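Line order of the protein sequences matches chains B and G.
Taking numbering that gives the first Met the number 0, the leading residue of the first sequence gets 0, the next gets one more, and so forth.
Taking numbering that gives the first Met the number 0, the leading residue of the second sequence gets 0, the next gets one more, and so forth.
We treat Cβ as the ideally placed atom computed from N, Cα and C, and that holds for glycine.
All values derive from a computational prediction rather than experimental measurement.
2 protein chains.
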Amino acid sequence: MKLYDFVLAPNPRRVRMFMAEKGLEIPSVQINLRQGEQFEAQFKQDNPGMIVPALLLDDGTLLTETMAICRYLDALHPTPALFGSTPKEQALVEMWSRRAELEGLAGAAEALRNAAPRFVNRAIPGPRDYAQIPALVERGKARVQAFFDDLENGLSGQAWLAGEHFSVADITAFVVVEFAVNIEEQPAARHVHIARWRAAVAARPSAAA
Amino acid sequence: MKLYDFVLAPNPRRVRMFMAEKGLEIPSVQINLRQGEQFEAQFKQDNPGMIVPALLLDDGTLLTETMAICRYLDALHPTPALFGSTPKEQALVEMWSRRAELEGLAGAAEALRNAAPRFVNRAIPGPRDYAQIPALVERGKARVQAFFDDLENGLSGQAWLAGEHFSVADITAFVVVEFAVNIEEQPAARHVHIARWRAAVAARPSAAA
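This is the structure in structure tokens:
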């Protein structure tokens with residue numbers, strides 16, 4: 000196996016935290032997205048989607064999509080459970096993972112990629128160019144703040160997003176909160192549950208991954 | 000259990016097809032989104048996210064997010080496997096489900112909700128208002144066409160998206176293709192693998208769900 004990684008991007012960080020929680024080490028290659036290494040011919044040939052993270056399996060299959068990589072690693076190494084154990088817990092992990100992605104991470108990406116000069120014509124990652132749409136900057140920030148309100152609500156009265164056990168939903172939500180620094184959005188003082196939970200995630204060794 | 004459903008919306012259709020493949024029947028309530036029933040006080044109280052599909056469990060937990068509902072039902076009724084069996088198949092199901100959602104379904108929703116008068120200030124579903132952004136209409140259509148190209152590629156040389164077995168990824172991709180009629184986008188004549196696969200999905204009894 001070989002992991003295509005970039006240390007400064009949020010989605011690869013999710014995979015690295017997941018691996019750290021499982022105690023896994025996988026040889027990795029850094030693709031420096033800031034220097035445009037994803038556009039280089041060799042990488043494009045290996046990974047036509049031109050995105051990281053991506054996991055190359057020994058049979059030549061290339062897995063893209065953060066959660067597909069995490070599911071693969073989970074199927075091979077089920078302990079500790081990071082996708083939930085009971086049916087209800089599994090569903091709540093999936094629900095919160097989606098909310099963190101579709102509202103939080105998508106909003107933050109929207110705000111960043113439609114504003115920063117380095118993303119001109121690269122408003123969406125991947126092989127195709129998409130023009131920046133300035134109206135998405137404010138909308139993205141509003142979506143991130145809306146996600147913080149939902150997150151605060153979800154964490155009220157319980158240690159972790161899916162209940163008693165730390166899960167991949169906590170990883171994604173934590174990465175959203177950390178990544179939102181890049182769009183100058185952070186949880187507010189009223190988000191007391193987020194503050195408590197964030198400190199608890201940050202104290203886990205995987206947070207350094 | 001009680002399923003909040005709306006027969007004309009794409010995400011509830013994914014859940015209904017999933018249930019039909021599993022042979023499950025769950026009492027459901029229609030929430031007519033075209034008539035604004037999601038904004039009515041009772042529904043808002045039961046489901047603060049104001050979205051369908053949503054599954055109310057007997058203990059009062061409300062599951063939102065299509066894939067969270069499907070994961071829950073799958074954990075209770077694992078046969079037939081619709082999330083893949085081997086680690087690799089599970090990963091490919093997740094990868095293609097995400098592509099179908101994040102590129103196909105998101106693109107189609109973007110094109111529809113930023114254009115149609117009934118979605119003024121409702122460019123994103125849920126409890127918060129978001130203004131329409133006209134530039135997203137063309138971008139959404141372009142993303143759907145990009146997804147069709149990826150889908151064609153993914154189906155080349157294999158029966159189903161994750162390989163030999165029908166999965167939830169096929170359900171989502173099929174619903175995208177069918178739903179794209181609403182934004183006047185359809186696969187092209189060159190998409191021969193999509194045409195063959197689409198006919199095969201349409202022939203399954205679940206396609207009528």
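Residue i: first and last residue of the uninterrupted alpha helix (DSSP H) it sits in
i	result
Asp149 (chain G)	134 to 154
Val167 (chain G)	167 to 178
Asp45 (chain G)	40 to 45
Ala8 (chain B)	Note, Ala8 (chain B): premise wrong, no alpha helix (DSSP H); not H, not E.
Ala105 (chain B)	105 to 112
Val200 (chain B)	191 to 201
Met49 (chain B)	Taken as a continuous stretch (DSSP letters only), Met49 (chain B) belongs to no alpha helix (DSSP H), as it is neither H nor E.
Arg121 (chain B)	Premise fails: Arg121 (chain B) is in no alpha helix (DSSP H) and is neither H nor E.
Asn96 (chain G)	Strictly speaking, residue 96 (chain G) in this sequence is Ser, with Asn absent from that position. Start and end: 86 to 98.
Endpoints, the beta strand (DSSP E) within which residue i is located
i	result
Leu62 (chain B)	61 to 63
Val28 (chain B)	27 to 29
Leu2 (chain B)	1 to 4
Leu23 (chain G)	First-last for Leu23 (chain G): undefined, no H or E at that position.
Ala53 (chain B)	53 to 55
Under 9 Å between C-beta atoms of residue i and residue j
i	j	result
Val200 (chain B)	Ala206 (chain B)	yes
Ala208 (chain G)	Met0 (chain G)	no
Ala130 (chain B)	Asn120 (chain B)	yes
Gly59 (chain G)	Ala107 (chain G)	no
Val167 (chain B)	Leu75 (chain B)	no
Arg203 (chain G)	Glu39 (chain G)	no
Leu32 (chain G)	Ala99 (chain G)	no
Val6 (chain G)	Gln29 (chain G)	yes
Pro116 (chain G)	Met49 (chain G)	no
Pro11 (chain G)	Glu177 (chain G)	no
Glu88 (chain B)	Ala161 (chain B)	yes
Minimum C-alpha distance to residue i - residue among the options
i	options	result
Ile132 (chain G)	G:Gly125, G:Lys140, G:Glu109, G:Thr78	G:Glu109
Glu183 (chain B)	B:Glu36, B:His76, B:Leu111	B:Leu111
Asn46 (chain G)	G:Leu32, G:Asp58, G:Leu62	G:Leu62
Ala141 (chain G)	G:Tyr3, G:Pro186, G:Gly48	G:Pro186
Leu154 (chain G)	G:Gln41, G:Pro86, G:Trp196, G:Thr78	G:Trp196
Leu214 (chain B)	B:Gln34, B:Gly35, B:Leu72	Nothing can be reported for residue 214 (chain B), as the shown portion of chain B is limited to 0 through 208.
Asn152 (chain B)	B:Ser84, B:Gln37, B:Pro79, B:Val191	B:Val191
Val14 (chain G)	G:Phe173, G:Val180, G:Trp159	G:Phe173
Gln34 (chain B)	B:Glu163, B:Pro79, B:Phe118	B:Phe118
Ala179 (chain G)	G:Trp159, G:Val136, G:Ala158	G:Val136
His164 (chain B)	B:Ala188, B:Gln37, B:Thr78	B:Thr78
Ala158 (chain B)	B:Thr171, B:Asp128, B:Ala198, B:Arg189	B:Ala198
Gly209 (chain B)	B:Asp128, B:Asp169, B:Arg189	Residue 209 (chain B) is absent from the structure shown; chain B starts at 0 and stops at 208.
Ala114 (chain G)	G:Val175, G:Asn181, G:Asp4, G:Thr171	G:Asn181
Pro124 (chain B)	B:Gln44, B:Met18, B:Gln37	B:Gln37
Test: residue i CB closer than 9 Å to a CB of chain A
i	result
Thr63 (chain G)	The structure shown has no chain A; the protein chains it does contain are B and G.
Exercise. Do the region 37 to 56 of chain B and the region 22 to 37 of chain G meet, that is, are 3 or more Cβ pairs less than 8 Å apart?
Worked result: By the Cβ test, the region 37 to 56 of chain B is not in contact with the region 22 to 37 of chain G, since fewer than three Cβ pairs between them sit closer than 8 Å.
For this session: Anything in the region 66 to 79 of chain B with a Cβ closer than 9 Å to a Cβ of chain G? List those residues in chain order, please.
Result: Across the region 66 to 79 of chain B, CB contacts with chain G closer than 9 Å involve Met66, Ala67, Ile68, Cys69, Arg70, Tyr71, Leu72, Asp73, Ala74, Leu75, in sequence order along the chain.
For this session: Determine, using beta-carbon pairs with one atom in the region 138 to 156 of chain G and one in the region 98 to 112 of chain G, whether at least three such pairs fall under 8 Å.
Result: The region 138 to 156 of chain G, when compared against the region 98 to 112 of chain G, does touch it at the 8 Å Cβ threshold.
For this session: Report yes or no: do the region 80 to 100 of chain B and the region 67 to 81 of chain G share at least 3 C-beta pairs separated by less than 8 Å?
Result: Contact between the region 80 to 100 of chain B and the region 67 to 81 of chain G is present, because at least three Cβ pairs lie under 8 Å.
For this session: Could you list the residues in the region 10 to 38 of chain B with a C-beta less than 9 Å from some C-beta on chain G, going in chain order?
Result: Going along the region 10 to 38 of chain B in chain order, one finds no residue with a Cβ nearer than 9 Å to chain G.
Exercise. Along the region 176 to 187 of chain G, what residues have a CB closer than 9 Å to any CB found in chain B?
Worked result: For the region 176 to 187 of chain G, the set of residues with a beta-carbon nearer than 9 Å to any beta-carbon of chain B is empty.
Problem set entry | Selection of the region 139 to 168 of chain B by Cβ proximity to chain G, strictly under 7 Å | Residues of the region 139 to 168 of chain B with a C-beta atom less than 7 Å from some C-beta of chain G are Ala145, listed in chain order.
Exercise. Residues in the region 103 to 115 of chain G with C-beta within 9 Å of chain B's C-beta atoms, listed in sequence order?
Worked result: Residues Ala105.
Exercise. When Cβ atoms are compared, which residues of the region 48 to 63 of chain B fall closer than 9 Å to chain G?
Worked result: Cβ contacts with chain G come from Gly48, Leu54, Leu56, Asp58, Thr60, Leu62, Thr63.
Problem set entry | Proximal residues, the region 118 to 129 of chain B versus chain G, C-beta separation under 7 Å | The residues in question are Arg127, Tyr129.
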